[in-house]
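Numbering (this note's numbering), first residue to last: 0 to 249.
Positions of the beta carbon are idealized from the N, C-alpha and C atoms, including for glycine.
Because the structure is a prediction, the values reported are computed rather than measured.
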Amino acid sequence: MNIHEINKALTKTTFNNREYMITHLPYEREMEFYQSVKMGNKEEVKRLFKPLGGSGFGRLSDSDFTNLKYHLIITIAFITRYCIEGGMEMETAYNLSDIYILSVDRCTTADEIHRIHRELVDDYTERMHSIIKKGLFSRPVLICLDMISQNLHNKIGLNDLAEAVGLSAPYLSKLFHKEVGITVSQYITQKRIEAAENLLRFSDYSCIEISNYLCFNSESYFIQQFKTYTKLTPKEYREKYFRSRWGDKE
């Protein structure tokens, strides 16, 4: 297809999706799910898990069965890369990906697709859970890491975390810094910047929308912090990486 044909098809698909109220899963919910797998957060993964092919999933094939296959392969690709970012050895992650994709290729029924979907999500989540535990984080710090991951779009700080784990704020602050290597505030900012990177690369949200969503005090503060961590302004980052593949990032 040439660019004219692609644009024509895009216009038609957009019109049909609006006409028949066909929607895709919200970006934030998808990222929250993959982030939960990355963190090995089994309870959160269970809460966010959504079977393939239901409301919110795009149409990738005229065949219902092939559509499920395509969506599962995309899910495997996303989970694999998130887990690599979370600390899974690259060789292990890609070998698992190959195994599951081959399994998908051999499927002959929708039930098999749904079974593999559930199995691979549980498998990657369990492996990430073990990897994070081996990092020798104490239970209070692990709870803090999970809470921070789940609340990047909410106001959260040391006092909230201390209350959740039943420790005094000064004690938790020292424990967190000892185990993680940075302060609670620095870690929250770091994770929000990572989320902002994804939003700048894979969404159309403006800088101020991302700043507000991730609870930065102001757009100017967000830009300052983003440049501190990435050496680029959000505008420069988007121009360089928008819609790029993971492997394109330097």
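Rounded separation between residue i and residue j - CA only
i       : j       : result
Glu-162 : Lys-173 : 15 Å
Thr-250 : Pro-169 : Since the first residue of the chain shown is 0 and the last is 249, residue 250 is not available in this structure.
Lys-45  : Ala-76  : 19 Å
Met-20  : Thr-107 : With a pLDDT of 41 at Met-20, under the threshold of 50, the modelled position of that residue is not reliable, and no figure is offered here.
Lys-154 : Tyr-123 : 29 Å
Leu-59  : Val-179 : 42 Å
Glu-84  : Gln-34  : 10 Å
N- and C-terminal bounds of the alpha helix (DSSP H) containing residue i
i       : result
Arg-105 : 89-105
Met-146 : 138-149
Leu-59  : Leu-59 -> no alpha helix (DSSP H), and no H or E assigned at all.
Asp-122 : 109-133
Leu-51  : Here Leu-51 belongs to no alpha helix (DSSP H), and DSSP marks it neither H nor E.
Short Cβ contact (9 Å threshold) for residue i with residue j
i       : j       : result
Ile-192 : Phe-225 : yes
Thr-79  : Tyr-93  : yes
Ser-210 : Ile-222 : yes
Tyr-236 : Leu-199 : yes
Pro-50  : His-128 : no
Ala-194 : Met-89  : no
Leu-151 : Phe-175 : no
Residues of its chain near residue i, where Cβ-Cβ distance is below 6 Å and the 5 sequence neighbours each way are ignored
i       : result
Gly-86  : Ile-130
Ile-207 : Glu-218
Lys-177 : none
Own chain partners of residue i with C-beta closer than 8 Å, once the 5 adjacent residues on each side are dropped
i      : result
Cys-82 : Val-36, Lys-37, Ala-92, Tyr-123, Arg-126, Met-127
Phe-32 : Val-44, Leu-47, Phe-48, Lys-49
Cβ pair count under 8 Å reaching 3, the stretch 136-145 against the stretch 107-126: no
Tell me, please, whether the stretch 60-68 touches the stretch 181-195 by the rule of three or more beta-carbon pairs shorter than 8 Å. no
Is the stretch 92-102 touching the stretch 127-139, taking contact as three or more C-beta pairs under 8 Å? no
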